[in-house]
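Undergrad: Per mature numbering (1 follows the signal peptide of the UniProt record, and there is no 0), the sequence shown runs over residues -16 to -1, 1 to 169.
Yeah, the Cβ is synthetic: ideal placement off N, Cα and C, and Gly gets one too.
Pasting a structure below so you can have a look.
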Amino acid sequence: MLTLVTFSSLWARLFAKRETKVLILGLDNAGKSTILYRITMGAVVASAPTVGSNHEIYEYKGVRFGLIDLGGQSSLRTTWNQYFADTAAIILVIDSNDPSRLSLAKAELQKLVNAEELGTALLLVLANKQDLPAAEGRLTPAQVSEGLGLTDLREREWQIMGCSALTGNGLMEGMDWLVTKLEQR
Ligand SMILES: Nc1nc2c(ncn2[C@@H]2O[C@H](COP(=O)(O)OP(=O)(O)O)[C@@H](O)[C@H]2O)c(=O)[nH]1
Ligand SMILES: [Mg+2]
């Protein structure tokens, strides 16, 4: 009996579907943790600023995603590269309602696209907080794209999607793009 149990757990480990590693990155307060839990639990989960990382497994359209949300405060951003190996995709979350820090986000994006350890990882940019009123300064996805200089990116497959972690709008469209692109690889 004991051998049987041991054998079956070994079997499970050998044949468990490999995780497709996705890093959720962005400045602090962009909405990374809210997006992680909206996607994986379908709900808004109140979260304190992330120290370290949150790791969730999420099965979607046959892909076993390992979603890793890393803390975005400046002291933590320097540790991001420890997670780069074997990354299939990066979800870069932007606070569309924080235009004054868009250039800082662009600088972080430049570091990401120049990081050799990231290889050919896909880049999904989520222009988050689209539920907030444009009249009060919230940028459109096109404005976020322009501010980040996305069209200047060479040799990286990218997509930008407007979304709201509060309503859920746009998030699954982003995941669909990832699944489609991963299937082509
Ligand atoms: N209005 C609005 N607020 C959001 C949205 N996403 C996140 N927030 C809020 O932004 C704050 C920071 O979110 P959090 O997920 O902790 O950001 P993180 O530091 O990137 O992990 C929280 O108060 C969230 O409730 C969104 O789509 N719309
Ligand atoms: Mg967080």
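Excluding sequence positions up to five away, which residues of its chain have a Cβ less than 6 angstroms from the Cβ of Ser31?
TA: Position 47 of the sequence shown, counted from the first residue, corresponds to residue 31. For Ser31, where only same-chain residues beyond five positions count, the Cβ hits under 6 angstroms are Ser17.
Undergrad: Excluding the five sequence neighbours on either side, which residues of its own chain have a C-beta within less than 7 angstroms of the C-beta of Gly36, listed in chain order?
TA: Reading the sequence shown from its first residue, position 52 is the one you call residue 36. So the qualifying residues of the chain are Gly55.
Undergrad: Going by Cα to Cα distance, which pick from Tyr21, Gly50, Gly152 and Leu162 is closest to Asn112?
TA: Locating residue 112 in the sequence shown gives position 128, counting from the first residue. Nearest option by C-alpha distance: Gly152.
Undergrad: Suppose you measure from the CA of Ala14 to the CA of Ile78; what does that come to, to the nearest Å?
TA: Here the question's residue 14 lines up with position 30 in the sequence shown. Here the question's residue 78 lines up with position 94 in the sequence shown. So the alpha carbons of these two residues sit roughly 5 angstroms apart.
Undergrad: Could you name the residues of the same chain whose beta carbon sits closer than 6 angstroms to that of Val109, not counting the 5 residues immediately before and after it, in chain order?
TA: As a working note, residue 109 is residue 125 in the sequence shown. These residues qualify, in order along the chain: Leu76 and Ile144.
Undergrad: Can you list, in chain order, the residues of its chain whose CB lies under 6 angstroms from that of Gln57, leaving out five sequence neighbours each side?
TA: Walking along the sequence shown from the start, residue 57 turns up at place 73. If we look at Gln57 and ignore the five residues flanking it on each side, its Cβ neighbours are Asp12.
Undergrad: Three Cβ pairs or more, each shorter than 8 angstroms: is that satisfied between the stretch 17 to 28 and the stretch 78 to 92?
TA: Taking 8 angstroms as the limit for Cβ pairs, the verdict is that the stretch 78 to 92 does not touch the stretch 17 to 28.
Undergrad: Could you spell out the range, first to last residue, of the beta strand (DSSP E) harbouring Arg48?
TA: Translated into positions along the sequence shown, residue 48 becomes position 64. Segment Val47 to Leu54, the beta strand (DSSP E) holding Arg48.
Undergrad: Do the stretch 146 to 166 and the stretch 38 to 48 make contact, defined as three or more Cβ pairs closer than 8 angstroms?
TA: Yes: at least three Cβ pairs fall under 8 angstroms.
Undergrad: What do you get for Arg138, buried or exposed, if any count of 16 or more other CB atoms within 10 angstroms of its CB means buried?
TA: Taking the first residue of the sequence shown as position 1, residue 138 is located at position 154. So Arg138 counts as exposed.
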